[in-house]
Every structure is written in C-alpha cells, then in structure tokens.
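J.: Chains as they are written, first to last, in this note's numbering: chain A, 2 to 331; chain B, 2 to 171. Backbone N, C-alpha and C fix where the C-beta goes; we use that ideal spot for every residue, glycine too. Quick one: structure below, then a few questions.
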Amino acid sequence: MKPFTYARAADTPEAVREASGPSHDFIAGGTNLLDLMKLEVMAPDKLVDINRLDLKQISETEDGGLRIGALVTNSDCAADDRIRRDYPVLSRAILAGASGQLRNKATTGGNLCQRTRCYYFYDTAMPCNKREPGSGCQAIGGATRLHAIFGASDQCIATYPGDMAVAMSALDASVEIEGKDGASRTVPVRDFHRLPGDRPDKDNVLEDGELITAVTLPAPTGGRQSYRKVRDRASYAFALVSVAADIGMEDGKISHAALAFGGVAHKPWHKPELDALLTGKEPSDALFAEAADLLLAEAQGQGGNNFKILLLRRTLRAVLREATQMGETA
Amino acid sequence: MQQTNLTINGQEHALDADPRTTLLDALRNHIGLTGSKKGCDHGQCGACTVIVNGRRINSCLTLACMHDGDEITTVEGLGQPGNLSPLQSAFVAHDGYQCGYCTPGQICSATAMLQEAKDGWPSNVSDDLAKGQKLTDEEISERMSGNICRCAAYPNIVDAIREVAEGAEA
Ligand SMILES: Cc1cc2nc3c(=O)[nH]c(=O)nc-3n(C[C@H](O)[C@H](O)[C@H](O)COP(=O)(O)OP(=O)(O)OC[C@H]3O[C@@H](n4cnc5c(N)ncnc54)[C@H](O)[C@@H]3O)c2cc1C
Ligand code: SF4
Ligand code: FES
Ligand code: FES
Chain A
2 MKPFTYARAA DTPEAVREAS GPSHDFIAGG TNLLDLMKLE VMAPDKLVDI
52 NRLDLKQISE TEDGGLRIGA LVTNSDCAAD DRIRRDYPVL SRAILAGASG
102 QLRNKATTGG NLCQRTRCYY FYDTAMPCNK REPGSGCQAI GGATRLHAIF
152 GASDQCIATY PGDMAVAMSA LDASVEIEGK DGASRTVPVR DFHRLPGDRP
202 DKDNVLEDGE LITAVTLPAP TGGRQSYRKV RDRASYAFAL VSVAADIGME
252 DGKISHAALA FGGVAHKPWH KPELDALLTG KEPSDALFAE AADLLLAEAQ
302 GQGGNNFKIL LLRRTLRAVL REATQMGETA
Chain B
2 MQQTNLTING QEHALDADPR TTLLDALRNH IGLTGSKKGC DHGQCGACTV
52 IVNGRRINSC LTLACMHDGD EITTVEGLGQ PGNLSPLQSA FVAHDGYQCG
102 YCTPGQICSA TAMLQEAKDG WPSNVSDDLA KGQKLTDEEI SERMSGNICR
152 CAAYPNIVDA IREVAEGAEA
C-alpha cells in the first residue's frame, strides 16, 4: 500500500473541505477502498475518515418515504423494520450481497460507489482504461464472464457489480450529495452511475470532494417486490445477472411496473420503455416474452458473457411470473 | 505515525503505528494476539473475523486508526483453555476443524451471528423477512458463508453451531 495521510472529519463541511483535491478519498467502511489500495489499483495520498459524521440514521420523510443516511451500514439497512415491511426488495438485494461481516462494515454511500470487479482492473500488470486512462482495455477480446451486455463502449465493457443500487433503481430512489461551500444537489439513483463512454475512469457523477449524505426512497408503491440474483455459487459471490422488481396489480392487470437489472451494465440498468410496456396489461407469458424482446433488443455479448442474454430473459420471466401471480389476490 | 486507543478483550492498548496498519496486522504484529488469522487479506475468507463493538467484521479490510475508542474481541477474549466459551467447546466436541486455520474466524463469526439471529436479523434464505427465523442448517450455512474452510469441515462446523443455537433457544 502506498503511504497516505489520514484525517478524521468531524462534520460534513470539514469532510468535503478535507477531501477536495484530485488524490483525496473518503473512507467509510473501507471494504472496497482498502482492498484496492492494497493492490495499488487505487493510491490516494490522503484518506478522509467520515465514520464520525452524523449520517447513521434512517428517518421518515414528509412524503411517506425514508431517508437512509450515507453511513447506515448494509446490515442495519437490511434489518430495519420499515425497510423490511415497505421496501423488501432493498432488504433482499442487500442480503444477497457479500457476507455478514462485510455487510456490517459496508455503508450506503460506499456501496453505491463500489468499483467494478473486472479482472483486468484489479491486475496492475494489465492495460485498463478505467484504472489508467488511455492504456487500453484488456477485457475486450479477453475473459468477459463478468462483463456488460448493455451500454458498453469501445473503451470499457465493465459492469457495476453491486446489488443494493439495483433495488434502489427499481424503487426510483435519489442520492443526496453535498459539495463545496455547503452546495447540495439531488440525483436520481438511475442517473447516479455513468455509462463508460470515453471516460471509463469516471464511475458516477460525483465531482471532486462531493460527499453522499443520504439516499431517499419515495413512498412505497404498494406493489409486490422481489430481487432475484443468479451467481456462480449460492452465497458470497457477485451477480452474473440480477433482477429487482416492484410490480403492482389491480383488477387482474399490471398497474405499476418498475424493473432494474444488475450485472449487465456499467450501472444498474433501467429501461423506462419496459416499465411502460408492462403497465396496464394483463400478465401472460406472451407479454413477458415481448418484454424480454424489448429489453434484450440492444443486448450485445462479448463472447464469454453471451450466456447472460438468455439467462436474463429467463430470470426476467421468472420474476414477472412470481410477482404477478402473487399480486392476483389483490 | 498515528496514535490509536483500542480496548482489546477488555484491556486498553495505546497503539502507535503507520496509518496503513490494518486492524488485523495491529492485533497480530503489534499487540501479539495471533489468534486472528490472515487468509486472503482481501475480505474473501473470514479467517480474520473479530468482533468490534458487538459486530463481526473482517479485520483485514479496516485500518486500526479508524477504531480509536472501539471495543474489540478476538478469539482469545472469548475464552481460554479451562474456560472455553460454549462455541469454543462445541467446536472441540464436534471436531469442527481439520487444520484449524479458519477456526478462530469461524468461532468469532458464529458468536456474533447467533446474536444477529437473536436480534431478529433476516438472511438471504429467510422465507419472509419477519422477525424470528429458526436457525435451520440452511440458515446457519448462509449466515456463515463469509467464513471459508479450505479443509471443508463444514458439516462439523454446522453441527457445533446448531448445538449452541439450540442450547440458547432451550
Ligand atoms: C469478498 C467481497 C464480496 C463482495 N460481494 C458483494 C456482493 O455480492 N454484492 C455487492 O453489492 N457488493 C459486494 N461486495 C462489495 C461491498 O458491498 C462493498 O465493498 C461495500 O459496499 C463498500 O462500502 P464501504 O462503506 O466499505 O466503502 P469504502 O470502501 O469505504 O468506499 C468505497 C468508495 O466509496 C467512496 N465513498 C464512501 N462513502 C462515500 C460517501 N458518503 N460519499 C462519497 N463517496 C464515498 C470512497 O471514497 C471509495 O472510493 C463484496 C466485497 C468483498 C470484499
Ligand atoms: S472493461 Fe473497463 S475495467 Fe475492465 S479492463 Fe477494460 S477498461 Fe478496464
Ligand atoms: S484475511 Fe480477512 S477475509 Fe481473508
Ligand atoms: S479447518 Fe482447515 S481451513 Fe478450516
């Protein structure tokens, strides 16, 4: 690990001030950053410890939603009674990720910002445009089992590996961000992560020094929620593909549909046209096939990940069948 | 150098170390508590599991200086020969190991896991997210998936944990 200076921030303005500078990073749980620093994939010269900030609460918002502080651990979030009751897709997605030990440390903000698991990103002997802009992409034409089928560029085909944010995308949550001089802004989770384009080094929209302070969930829709994750072993593995769903049923028809997909793109994948196609329709296998056709029309395999296209089709169908069958009792 | 005050197994320690020092390296190399093991150093195996402020974590993926004022329990603090904790005894009784390298992490992890279950935390295999999951073998395996055993002593590890879980329920 490269040497760095260590600073402990007492409040949000101090954290933002301390972290301003190109090679300054926040450290929250540390479970992703330290992993990458040990390998010198990341080598900040200053770490700003934000663990003493007062961002550890889950509170109710005026419009019936919840505000999850950036330092709420994944364990506390998944076990929160309100989240278990009203946002089960979020509890499920978190519980499907990492391990008990890691979830105890992983934070809401850190989880959103976790970096790709592309093998070549991790291997400093290899070219990688994300780690070292302009060096090339070893994954293209290489081992691509984990890689994207949507939204890749000729510079990077990596995926965002997380689970939590996929559920937050289906729930249409928002990220609260604080920057220099107390400036704050709110970005929908659906727009928080970027596609790689010609800047694969930029995973998300955060600018220098900007701190995530919370994620807010809108009021629950009352739909049936589920998270299905397919992976190489039953636990403690990243998604090959995952589907998060919030599906409402009324009079035998789909009244609300929100779907998001993990393991398939540089961001949690959300396609508004897909939600629109399902809404107002009677559930049927024909409808679900049409939905899968729409979703997968622009899918592009890289060789080693071609299987994801069929796997995603089948996983989507399974999730839709489950969600609509159960919703029929309403 | 970074000054950090840690309470480890009930004893206070003032650590003066490079900020790069992980909690695991602080425990093993600076304080001399070598029970916690380094398997992968990357959060992938669980051999380094310790309990910090009541919660199990991977001590390899956290810096010692981030834990100023924290209370840390390692396998040495759970019990000692002649005065073993229920899980330590159960691992002996059920032969919950072969080489023993993963064992301190397994036991720290299981100790905190039983408390999580008691607190009603759900897991990925829980049928519904409501409180009070019975610790079936499937639940135990899922909740312990962050502890890898290269010797694959899993059946005996689950036997040991189940026995203590059932004892605690009774
Ligand atoms: C073996 C292993 C298996 C895993 N499996 C899974 C899995 O199956 N699914 C899954 O989703 N995840 C998985 N993870 C990843 C894990 O979820 C992340 O490491 C964790 O969520 C990161 O959170 P953290 O608080 O530890 O972040 P840190 O490591 O502290 O930070 C990560 C990044 O976020 C930045 N950051 C942190 N907080 C903020 C903030 N408030 N504002 C702005 N920037 C911030 C940091 O500067 C850093 O760049 C796994 C990790 C490991 C090691
Ligand atoms: S896919 Fe992206 S992260 Fe992987 S090697 Fe190519 S540029 Fe790097
Ligand atoms: S040594 Fe910490 S998880 Fe392997
Ligand atoms: S007993 Fe050898 S690794 Fe578990």
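#1: In chain order, what residues of the same chain have a beta carbon less than 6 angstroms from the beta carbon of alanine 331 (chain A), not counting five sequence neighbours either side?
#2: According to DSSP, is cysteine 129 (chain A) helix, strand or coil?
#3: Is tyrosine 237 (chain A) close to chain B, meaning its C-beta is less than 7 angstroms from at least one C-beta of that chain?
#4: What in chain A is Cβ-close to glutamate 143 (chain B), meaning under 7 angstroms?
#5: Among B:Asn148, B:Gly70, B:Leu115, which residue has its Cα nearest to the Cα of glutamine 134 (chain B)?
#6: Closer than 6 angstroms to a non-hydrogen atom of ligand 2 - does that hold for the CB of lysine 309 (chain A)?
#7: What residues from chain A crowd round asparagine 10 (chain B), counting only those whose CB sits closer than 9 angstroms?
#8: Residues bridged to valine 4 (chain B) by DSSP?
#9: According to DSSP, simplified to helix, strand and coil, what is asparagine 125 (chain B)?
#10: From what residue to what residue does the alpha helix (DSSP H) around proline 14 (chain A) run?
#11: Would DSSP call threonine 50 (chain B) helix, strand or coil?
#12: Since histidine 95 (chain B) and threonine 5 (chain B) are thought to touch, with beta carbons under 8 angstroms apart, how far apart are those beta carbons, to the nearest angstrom?
#13: Terminal residues of the continuous beta strand (DSSP E) containing methionine 67 (chain B)?
#14: Out of A:Ser24, A:Ala259, A:Ile51, which has the shortest C-alpha to C-alpha gap to serine 227 (chain A)?
#15: Taking 6 angstroms as the cut-off, is the C-beta of cysteine 114 (chain A) nearer than that to any heavy atom in ligand 5?
#16: Taking the C-alpha atoms as reference points, what is the distance between glycine 98 (chain A) and leucine 85 (chain B)?
#17: Between the alpha carbons of histidine 43 (chain B) and arginine 232 (chain A), how many angstroms are there, rounded?
#18: Are the CB atoms of proline 20 (chain B) and glutamine 45 (chain B) nearer to each other than 7 angstroms?
#19: Considering alanine 287 (chain A), what are the terminal residues of the alpha helix (DSSP H) in which it resides?
#20: Does the Cβ of aspartate 36 (chain A) lie closer than 6 angstroms to at least one heavy atom of ligand 3?
#21: Leaving out five residues before and five after serine 185 (chain A) in sequence, what residues of the same chain have Cβ atoms less than 8 angstroms from its Cβ?
#22: State the beta-bridge partners of glycine 263 (chain A) as determined by DSSP.
#23: Residue range of the alpha helix (DSSP H) that aspartate 120 (chain B) falls in?
#24: Output the residue ranges of the alpha helix (DSSP H) runs that lie fully inside the region 67 to 97 of chain A and measure 4 residues or longer, sorted by chain position.
#25: So is alanine 161 (chain B) buried or exposed if we call it buried at 16+ other beta carbons inside 10 Å?
#26: Let's see if you can read the secondary structure: which residues bound the alpha helix (DSSP H) around isoleucine 310 (chain A)?
#27: Under 8 angstroms Cβ-Cβ, which residues of chain B neighbour arginine 85 (chain A)?
#28: Beta carbon of alanine 154 (chain B): closer than 6 angstroms to some heavy atom of ligand 4?
#29: Please report the distance separating the alpha-carbon of glycine 55 (chain B) from that of leucine 40 (chain A).
#30: In three-state terms, what does DSSP make of tyrosine 7 (chain A)?
#31: Taking any Cβ of chain B, which residues in the region 140 to 166 of chain A have a Cβ under 9 angstroms from it, in chain order?
#32: Give me the Cα-Cα distance between glycine 101 (chain B) and asparagine 33 (chain A), rounded to the nearest whole angstrom.
#33: Can you list, in chain order, the residues of the region 96 to 114 of chain A whose Cβ is nearer than 7 angstroms to any Cβ on chain B?
#34: Along the chain, where does the beta strand (DSSP E) containing isoleucine 213 (chain A) start, and where does it finish?
T.: Taking the coordinates as given:
#1: If you number the first sequence from 1, residue 331 (chain A) lands on position 330. Summary for alanine 331 (chain A): the model assigns pLDDT 33, below 50, so the residue's position carries little reliability; its value from the coordinates is reported in the next sentence. So the list reads Met250, once near-sequence residues are dropped.
#2: By one-based count along the first sequence, residue 129 (chain A) stands at place 128. If DSSP states are grouped into helix, strand and coil, cysteine 129 (chain A) belongs with the strands.
#3: Position 236 of the first sequence, counted from the start, is the residue given in the question as residue 237 (chain A). So, interface residue.
#4: Here residue 143 (chain B) is taken as the residue at index 142 of the second sequence, counted from 1. Result: Ser236.
#5: Numbered from 1 along the second sequence, position 133 holds the residue referred to as residue 134 (chain B). The shortest C-alpha separation from glutamine 134 (chain B) is found at B:Leu115.
#6: By 1-based counting over the first sequence, the position of residue 309 (chain A) is 308. Answer for lysine 309 (chain A): no, Cβ out of range of ligand 2.
#7: In the second sequence, the residue the question calls residue 10 (chain B) occupies position 9. Ordered by position in chain A, no residue passes the 9 angstroms Cβ test against asparagine 10 (chain B), which lies about 19 angstroms from the chain.
#8: As a working note, residue 4 (chain B) is residue 3 in the second sequence. Residue 4 (chain B) is actually glutamine in this sequence, not valine. DSSP output for glutamine 4 (chain B) lists B:Asp17 as bridge partner(s).
#9: The count along the second sequence starts at 1 and reaches residue 125 (chain B) at position 124. In this structure, asparagine 125 (chain B) counts as coil in the three-state DSSP scheme.
#10: Translated into positions along the first sequence, residue 14 (chain A) becomes position 13. 13 to 20 is the extent of the alpha helix (DSSP H) around proline 14 (chain A).
#11: Numbered from its first residue, the second sequence carries residue 50 (chain B) at position 49. If DSSP states are grouped into helix, strand and coil, threonine 50 (chain B) belongs with the strands.
#12: Taking the second sequence and counting its residues from 1, the one referred to as residue 95 (chain B) is at position 94. Taking the second sequence and counting its residues from 1, the one referred to as residue 5 (chain B) is at position 4. At roughly 38 angstroms, the Cβ-Cβ gap does not stay under 8 angstroms, so histidine 95 (chain B) and threonine 5 (chain B) are not in contact.
#13: One-based indexing of the second sequence puts residue 67 (chain B) at position 66. Neither: methionine 67 (chain B) is in no beta strand (DSSP E) and is coded neither H nor E.
#14: Counting from one through the first sequence, the residue named residue 227 (chain A) turns up at place 226. Looking at the Cα atoms, A:Ala259 is the closest of the given residues.
#15: Among the ligands present in this structure, namely ligand 1, ligand 2, ligand 3 and ligand 4, ligand 5 is not found.
#16: One-based indexing of the first sequence puts residue 98 (chain A) at position 97. One-based indexing of the second sequence puts residue 85 (chain B) at position 84. So the two alpha carbons sit approximately 33 angstroms from each other.
#17: By one-based count along the second sequence, residue 43 (chain B) stands at place 42. By one-based count along the first sequence, residue 232 (chain A) stands at place 231. Looking at the two C-alpha atoms, the distance is approximately 20 angstroms.
#18: Along the second sequence, one-based indexing puts residue 20 (chain B) at 19. Along the second sequence, one-based indexing puts residue 45 (chain B) at 44. With respect to the 7 angstroms criterion, proline 20 (chain B) and glutamine 45 (chain B) are not classified as neighbours on the basis of their beta carbons.
#19: Taking the first sequence and counting its residues from 1, the one referred to as residue 287 (chain A) is at position 286. Here the alpha helix (DSSP H) through alanine 287 (chain A) covers 286 to 297.
#20: Residue 36 (chain A) sits at position 35 when you count from the first residue of the first sequence. Aspartate 36 (chain A) has its Cβ no nearer than 6 angstroms to any heavy atom of ligand 3.
#21: Working through the first sequence from its first residue, we reach residue 185 (chain A) at position 184. Around serine 185 (chain A): Glu177, Ile178, Glu179, Thr214.
#22: In the first sequence, counting from the first residue as 1, residue 263 (chain A) sits at position 262. According to DSSP, glycine 263 (chain A) bridges with A:Ser243.
#23: Here residue 120 (chain B) refers to the residue found at position 119 when the second sequence is read from its first residue. Looking at the DSSP string, aspartate 120 (chain B) is not in any alpha helix (DSSP H), and its letter there is neither H nor E.
#24: 75 to 80, 82 to 87, 89 to 96
#25: For the purposes of this step, residue 161 (chain B) is taken as residue 160 along the second sequence, with counting starting at 1. With 16 or more Cβ atoms within 10 Å of its Cβ, alanine 161 (chain B) is classed as buried.
#26: Locating residue 310 (chain A) in the first sequence gives position 309, counting from the first residue. Unbroken alpha helix (DSSP H) run through isoleucine 310 (chain A): 308 to 328.
#27: For the purposes of this step, residue 85 (chain A) is taken as residue 84 along the first sequence, with counting starting at 1. Arginine 85 (chain A) reaches chain B at Pro123, Leu130, Ala131, counting residues in chain order whose Cβ is nearer than 8 angstroms.
#28: Here residue 154 (chain B) refers to the residue found at position 153 of the second sequence. Yes, the beta carbon of alanine 154 (chain B) sits closer than 6 angstroms to at least one heavy atom of ligand 4.
#29: Numbered from 1 along the second sequence, position 54 holds the residue referred to as residue 55 (chain B). Numbered from 1 along the first sequence, position 39 holds the residue referred to as residue 40 (chain A). One C-alpha to the other measures close to 30 angstroms.
#30: Here residue 7 (chain A) refers to the residue found at position 6 of the first sequence. The answer is strand: DSSP assigns tyrosine 7 (chain A) an E or B state.
#31: none
#32: In the second sequence, residue 101 (chain B) corresponds to position 100, counting from 1. In the first sequence, residue 33 (chain A) corresponds to position 32, counting from 1. Distance between the alpha carbons of glycine 101 (chain B) and asparagine 33 (chain A): 28 angstroms.
#33: Leu96, Ala97, Ser100, Gly101, Gln102, Leu103, Asn105, Lys106
#34: Looking up residue 213 (chain A) in the first sequence gives position 212. Run containing isoleucine 213 (chain A): 212 to 218, per the beta strand (DSSP E) assignment.
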